[in-house]
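Protein chains in written order, with our numbering: chain A, 5 to 394; chain B, 35 to 167.
This is the structure we're talking about:
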């Protein structure tokens, strides 16, 4: 069964906070949920399905559902890191298409900055996975594992640090118009290259921000979308794919987007060239370059050339991306950016992005989430959304 | 004045060992790098597990490696005391996460030949790191 056209995104909300001091994680989840309800024009008691991931404290979705007082027919706490919330859009669309629910809430929230200040941290995840003993002693970090992807990409395809820097430059051009963005200053390629080296070849400005806050999405059945006084945004297609190290047959030059993107495009019946705007997960600059190749926006190995010279800047380049400033400049709440990717894509396809970055006639958009370690052990999820004219 | 009583942080942390991984770590402590070979499909794999990740047979056996390989990718973390993480592809096929040691961090290269070097954790296990061959 295809989900094409069978579910709509009716409400979105991005928390304006970037420092969550004084708020709790369950409170942040509830606040973003309320924001999405107000955006859609729906009531809490309309919600009959709830989707969340490992950033929710407690046993899956249950404790947070209790905090918010939800009466549910469907829950799903599938955890694929930062890609979870893009994957949840697909799962919610499947449940709505099957008639199992009518109003699905998706939330993400956290406060890593406030937790760091208070020296308090509860990280998601249970017992150690089987790989842990074989890897942890070698001190893998998020940065050095992504850095190895960049190093291999440079080796195989001649990608340069200057090309990677263009991803950050484009994000910064967009962030200057977002009053909530953590970093609003426009930067140059030279600024990126002059920033401190964190882990070769990634500089400080190749890395995303750390922020508190979160976001929420409300998905609804077609008849509910038609009853609301909001632009109608329907899910055309979606895909999800974990990628792992495959018994030691390691290949860092591609991501799970090869599979999740292909499924999403096939279901939607559109091509990369049809997409007017793309939200691409940008934990690091290399994440964007490799993902764009894997989604088919350019040939494998040509991502560096594709992003250079402002090609991702709205109004300048061919593929406007992350017009909220993305994870690189605006927001990466709870160290997980997937939900903000969907939110900005919805703003664009509604025509509600900031006027300085709004893509004209933006009727077809894509949002992509990456979780975990790019190329190594990761979640990948892609959704394609279309505006349905009344 | 510096505090001469402070102990330096151990450079290599001991692995967390379980029943499935214990033979691997007993071997490294003897100076052997072992992976798993599947006698049903013939594929080698890493990290070693009881069931073959390719054909799901439980007919897997330990295979002692030559200890030679090449750098698939690497990165030198520059904050604090530098260290080099790497994926090294073994002669026997699989690629493993490791550290590059006893080398000039500014002269590493993808494709470079390396050989295993076991680093004592001081806690009863040795880590299979690699150094230029």
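Every residue, glycine too, gets a C-beta built ideally from N, C-alpha and C.
| Item | Value |
| --- | --- |
| By how many angstroms is the C-alpha of residue 58 of chain A removed from the C-alpha of residue 83 of chain B? | 27 Å |
| Name, please, each residue of chain B whose Cβ falls closer than 9 Å to the Cβ of residue 146 of chain A. | The premise fails here: residue 146 of chain A is roughly 11 Å from chain B at the closest Cβ pair, so nothing lies under 9 Å. |
| Who does residue 373 of chain A pair with in a DSSP beta bridge? | A:385 |
| Got a sec, what are the start and stop residues for the beta strand (DSSP E) residue 113 of chain B sits in? | No beta strand (DSSP E) contains residue 113 of chain B, which DSSP labels as neither H nor E. |
| Report yes or no: is there a C-beta of chain B within less than 7 Å of the C-beta of residue 165 of chain A? | no |
| Quick one: is residue 203 of chain A near chain D, going by C-beta distance under 7 Å? | Looking for chain D here will not work: the only protein chains present are A and B. |
| Measuring only the C-alpha atoms, how far is residue 347 of chain A from residue 118 of chain B? | 38 Å |
| Residues of chain A with CB closer than 9 Å to the CB of residue 91 of chain B, please, in chain order. | Within chain A, no residue comes near residue 91 of chain B; the closest Cβ sits about 13 Å away, beyond 9 Å. |
| If you run the structure through DSSP and keep just helix, strand and coil, what is residue 115 of chain A? | coil |
| Would you kindly report the start and end of the unbroken beta strand (DSSP E) that includes residue 186 of chain A? | That residue, residue 186 of chain A, is in no beta strand (DSSP E); it is neither H nor E in DSSP. |
| For residue 132 of chain B, go through chain A and note every residue whose CB falls closer than 8 Å to its CB, in chain order. | 142 |
| My output table needs one value for residue 221 of chain A: the three-state DSSP class, helix, strand or coil. | strand |
| Name the residue from A:294, A:222 and A:209 whose alpha carbon lies nearest to the alpha carbon of residue 1 of chain A. | Summary: the structure shown does not reach residue 1 of chain A, with chain A confined to residues 5 through 394, and so no result is reported for it. |
| With distances taken Cα to Cα, identify the nearest neighbour of residue 109 of chain A among A:90, A:236, A:368 and A:255. | A:90 |
| Using Cβ-Cβ distances below 9 Å, what residues of the region 103-117 of chain A are close to chain B? | none |
| For chain A, find out if any of its Cβ atoms is closer than 7 Å to the Cβ of residue 71 of chain B; answer yes or no. | no |
| With DSSP collapsed to three states, give me the class of residue 78 of chain A. | strand |
| Could you tell me whether the Cβ of residue 251 of chain A comes closer than 7 Å to any Cβ of chain B? | yes |
| Can you give me the start and stop residues for the beta strand (DSSP E) that residue 288 of chain A sits inside? | No beta strand (DSSP E) contains residue 288 of chain A, which DSSP labels as neither H nor E. |
| For a test of the three-state rule: what should DSSP assign to residue 133 of chain B, helix, strand or coil? | strand |
| Entirely within the region 50-97 of chain A and at least 3 residues each: give me those beta strand (DSSP E) ranges in chain order. | 53-55 and 78-80 |
| How big is the Cα-Cα spacing for residue 20 of chain A and residue 55 of chain A? | 21 Å |
| Whole angstroms is fine: what's the gap from residue 267 of chain A's alpha carbon to residue 35 of chain A's? | 33 Å |
| I need the boundaries of the beta strand (DSSP E) containing residue 94 of chain B, first residue and last residue. | 94-98 |
| Does the beta-carbon of residue 89 of chain B have 16 or more other beta-carbons within 10 angstroms, so that it is buried, or is it exposed? | exposed |
| Which class does residue 81 of chain B belong to by DSSP, given the choice of helix, strand or coil? | coil |
| Provide the residue span of the beta strand (DSSP E) that contains residue 331 of chain A, from first to last. | Counting along the chain, residue 331 of chain A falls outside any beta strand (DSSP E), and DSSP gives it neither H nor E. |
| Considering only residues of the same chain and omitting the five flanking positions on each side of residue 340 of chain A, which have a CB-CB separation below 8 Å? | 57, 59, 85, 86, 88, 89, 112, 114 and 375 |
| With 7 Å as the threshold, decide whether the Cβ of residue 135 of chain B is near any Cβ in chain A. | no |
| Of all the options B:143, B:53 and B:166, which has the alpha carbon lying nearest to the alpha carbon of residue 134 of chain A? | B:53 |
| Just to make sure I have the definition right: I need the residues of chain A whose C-beta is within less than 8 Å of the C-beta of residue 47 of chain B. Which are they? | 140, 141 and 143 |
| With 16 other CB atoms within 10 Å as the buried threshold, where does residue 70 of chain A fall? | exposed |
| Need the endpoints of the beta strand (DSSP E) that residue 202 of chain A sits in, please. | 201-203 |
| Going along chain A in order, which residues have a C-beta closer than 7 Å to the C-beta of residue 88 of chain B? | 251 |
| Would you report the Cα separation of residue 329 of chain A and residue 5 of chain A, rounded to the nearest angstrom? | 36 Å |
| Name the two residues that bound the continuous alpha helix (DSSP H) containing residue 149 of chain A. | 146-161 |
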